[in-house]
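Undergrad: Shown below is the structure under consideration.
Chains as they are written, first to last, in this note's numbering: chain A, 2 to 268; chain B, -18 to 232.
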């Protein structure tokens, strides 16, 4: 049988033209941005030299090791702030998510309010939160803690809410029709069903917050971020490199631990 | 005794689901509700414990109109009505015994229920019921590891833990193989015979209805088109339930 192509004669041509336009536009955007920023595209050619300089200066030397103790102390503080912020955020977010989820919340209005709140908290970037909070709380660990807490509450509320809404409503109803009370249904049906994804989200958030906490430390003058800033600006590149190395080790370690925990709870 | 008078329900969007449905069901009897897909069987069953809120009519159970109960009274009445589902609706991340113990939540204080503080007697009773539905070896297994037939029997044990007077069974065997079907139907039959329970069951399979039910109610397009004892129902009667001039497709 003959397949008629006459209806869409230029189908593939049109598709190719559209793709070419897209690529062309991206090119124009790059050139435009480079011109505005006075960005010399030839800099790419010297990328190797930059890298070599980086490695020559930032590789920790034997002297840098003397800084190891103060680096780990600062890193520990940062780690504790991140974990504390995530834990508190987790509890708050769980309550908000239960009240806000369509299947478990008391009213649609409340659901809207919580959704809006979570959205605002989540969409202000961490640096934005940190700078904002600096006005009231000055440079200390608590400012960093709050910044991480606010962002985490927003993010986790949304994540938990979606997790709760994934639980089959019929399962919830099946317990309601036994005459069980609201809180009983939440604790006996909803919570057991969401425990595994809940822990996954919390672990993800802890990982994320450790990374963010180093950045926040730069602004709030605390923890590992501050230590890096200090060494870098006083031209102590070796120790600054050691800070970066310590952060990388911690982040990888946390990721390995959380992967292990996730595998165990999934089994 | 359950007595339903002139129950009607129209869904949002104008789809009429039940029109003037009246029926009675008695203790110690299995009442089968049969009819084509979309006839309103599920709506009817779920109106009885107000999982679906109907528009008008009367549902008399235990001498009260279920439709007129306040929140607190409804909870109390619901605790006397067991319900099992086509998809079992167990909490699969919990074990068999934990699911069965859920049937006792309504009798407990909120706090004790939230914290899973079950008494020794309650645990003993749950184990007894698990044994009665033939799952003694699976009491401490996670429900996600059970087969469909086993899950449905956990569902029955959970309902029995409520000490119900009536069991509502919404297509309980639609997803089961023949062997599990027989097992589940025999348990339900036994509950009517030995515990004098009222069993209402939505079914697709006419032969199963004829074999296990005392009483058959035919529903088509939201109206009752047959109501009689199984013994007196002829093949023609049954056939008529399905061929009424309903605009709904037979599935």
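Glycine is no exception: its CB is placed at the ideal position from the N, C-alpha and C atoms.
1) Taking Cβ-Cβ distances shorter than 8 Å, what residues in chain D pair up with residue 59(B)?
2) What in chain B is Cβ-close to residue 184(A), meaning under 7 Å?
3) Using the beta-carbon count (16 or more within 10 Å), is residue 107(A) buried or exposed?
4) With a threshold of 7 Å between beta carbons, is residue 72(B) in contact with chain A?
5) If you pair each beta-carbon of the region 109 to 128 of chain A with each one of the region 148 to 164 of chain A, do three or more pairs fall below 8 Å?
6) What does DSSP give as the partner residue(s) for residue 245(B) in the beta ladder?
7) Excluding five sequence neighbours on each side, which residues of the same chain lie with their C-beta closer than 7 Å to the C-beta of residue 81(B)?
8) Once the 5 residues before and after residue 178(A) are set aside, which same chain residues still bring their CB inside 8 Å of it?
9) Quick one: what does DSSP say residue 17(A) is sitting in, helix, strand or coil?
10) Quick check: the region 188 to 197 of chain B against the region 9 to 27 of chain B, are there 3 or more CB pairs under 8 Å?
11) Quick one: what's got a C-beta closer than 8 Å to residue 206(A)'s C-beta in the same chain, skipping five residues either side?
12) Going by beta-carbon coordinates alone, are residue 176(A) and residue 177(B) separated by less than 7 Å?
13) If we define contact as Cβ-Cβ less than 7 Å, is residue 87(B) a contact residue for chain A?
14) Rounded to whole angstroms, what is the Cα-Cα separation between residue 79(B) and residue 169(A)?
15) Could you give the DSSP three-state label for residue -6(B): helix, strand or coil?
16) Do you know offhand how far residue 164(A)'s Cα is from residue 95(B)'s?
17) Can you pull out the residues from the region 42 to 58 of chain B whose beta carbon lies closer than 7 Å to at least one beta carbon of chain A?
18) Hey, could you find the ends of the alpha helix (DSSP H) residue 165(A) is sitting in?
19) Kindly indicate the opening and closing residues of the beta strand (DSSP E) around residue 62(B).
20) Do you know how far the Cα of residue 244(A) is from the Cα of residue 211(A)?
21) Could you tell me the distance, in whole angstroms, from the CA atom of residue 194(A) to the CA atom of residue 82(A)?
22) Run down chain B in chain order and give the residues with a C-beta less than 9 Å from the C-beta of residue 188(A).
23) If you measure beta-carbon to beta-carbon, which residues of the region 147 to 180 of chain A are closer than 8 Å to chain B?
24) So, does the CB of residue 179(B) fall closer than 7 Å to a CB anywhere in chain A?
25) With a cut-off of 8 Å, do at least 3 Cβ pairs link the region 212 to 229 of chain A to the region 127 to 141 of chain A?
26) Give the list of continuous beta strand (DSSP E) stretches no shorter than 3 residues that lie fully inside the region 52 to 111 of chain B.
27) With a threshold of 7 Å on Cβ separation, who are the neighbours of residue 213(A) within its own chain once the five nearest residues in sequence on each side are excluded?
28) Let me know the alpha helix (DSSP H) ranges lying completely inside the region 75 to 143 of chain A, each 4 residues or longer, listed in chain order.
29) Is the region 115 to 131 of chain B in contact with the region 222 to 231 of chain A, if contact means three or more CB pairs nearer than 8 Å?
30) Between residue 104(A) and residue 166(A), which are expected to be in contact by the criterion C-beta below 8 Å, what is the C-beta distance as a whole number of angstroms?
31) Determine whether the Cβ of residue 264(A) lies closer than 7 Å to any Cβ atom of chain B.
32) Could you list which residues in chain A have their beta carbon closer than 7 Å to that of residue 75(B), in chain order?
33) Please state if the CB of residue 21(B) and the CB of residue -13(B) are separated by a distance shorter than 7 Å.
34) If residue 10(B) sits next to residue -18(B), beta carbons under 8 Å apart, how far is it from one beta carbon to the other, in whole angstroms?
35) Using DSSP with H/G/I as helix, E/B as strand and the rest coil, what is residue 190(A)?
36) Compute the Euclidean distance between the alpha carbons of residue 265(A) and residue 259(A), then round it to the nearest angstrom.
TA: Reading off the structure:
1) Going by chain labels, chain D is absent from the structure shown, which instead holds the protein chains A and B.
2) 91, 95, listed in chain order.
3) Result: exposed.
4) Interface residue, yes.
5) Yes, the region 109 to 128 of chain A is in contact with the region 148 to 164 of chain A.
6) Missing from the structure shown is residue 245(B); chain B here goes from -18 to 232 and no further.
7) These residues qualify, in order along the chain: 107, 110, 111, 135, 138, 139, 142.
8) Residues of the same chain with their beta carbon placed closer than 8 Å to that of residue 178(A) are lacking, with the five preceding and five following residues left out of the count.
9) In the structure shown, residue 17(A) falls within a helical segment according to DSSP collapsed to helix, strand and coil.
10) In short, these stretches touch, since the Cβ pair count reaches three.
11) Closer than 8 Å at the Cβ level, and outside the excluded window around residue 206(A), lie 87, 90, 91, 153, 156, 157.
12) Not a contact, by the Cβ cut-off of 7 Å.
13) Yes, because at least one Cβ of chain A sits closer than 7 Å to the Cβ of residue 87(B).
14) Using only the alpha carbons, I get a separation of about 18 Å.
15) Note: residue -6(B) maps to coil in three-state DSSP.
16) Each residue's Cα considered, the two are about 20 Å apart.
17) Of all residues in the region 42 to 58 of chain B, the ones placed with a Cβ closer than 7 Å to any Cβ belonging to chain A are 56, 57, in chain order.
18) Secondary structure note for residue 165(A): its alpha helix (DSSP H) is the uninterrupted segment 142 to 167.
19) For residue 62(B), the enclosing beta strand (DSSP E) covers residues 62 to 66.
20) Between the C-alpha atoms of residue 211(A) and residue 244(A) there is a straight-line separation of about 14 Å.
21) Rounded to whole angstroms, the separation of the alpha carbons of residue 82(A) and residue 194(A) is 29 Å.
22) Near residue 188(A) (Cβ distances below 9 Å), the residues of chain B are 94, 95, 96, 97.
23) Taking 8 Å as the Cβ-Cβ cut-off against chain B, the residues of the region 147 to 180 of chain A that qualify are 169, 171, 172, 174, 175, 176, 177, 178, 179, 180.
24) Under the Cβ distance rule, residue 179(B) does not count among the residues neighbouring chain A, no pair being separated by less than 7 Å.
25) Taking a cut-off of 8 Å for Cβ pairs, the region 212 to 229 of chain A and the region 127 to 141 of chain A touch, as three or more such pairs fall below it.
26) Within the region 52 to 111 of chain B, the complete beta strand (DSSP E) runs of at least 3 residues are 62 to 66.
27) Around residue 213(A), the same chain offers 127, 149 as residues with beta carbons nearer than 7 Å, after the five sequence neighbours per side are excluded.
28) Listed in chain order, they are 109 to 124, 127 to 138.
29) Not touching, per the Cβ criterion.
30) By a beta-carbon distance limit of 8 Å, residue 104(A) contacts residue 166(A). Their separation comes to about 6 Å.
31) False, the Cβ-Cβ gap to chain B never drops below 7 Å.
32) Simply 193.
33) No.
34) A Cβ-Cβ distance of about 10 Å is found for the pair residue 10(B) and residue -18(B), leaving them out of contact under the 8 Å criterion.
35) The answer is helix: DSSP assigns residue 190(A) an H, G or I state.
36) Rounded to the nearest angstrom, the two C-alpha atoms are 10 Å apart.
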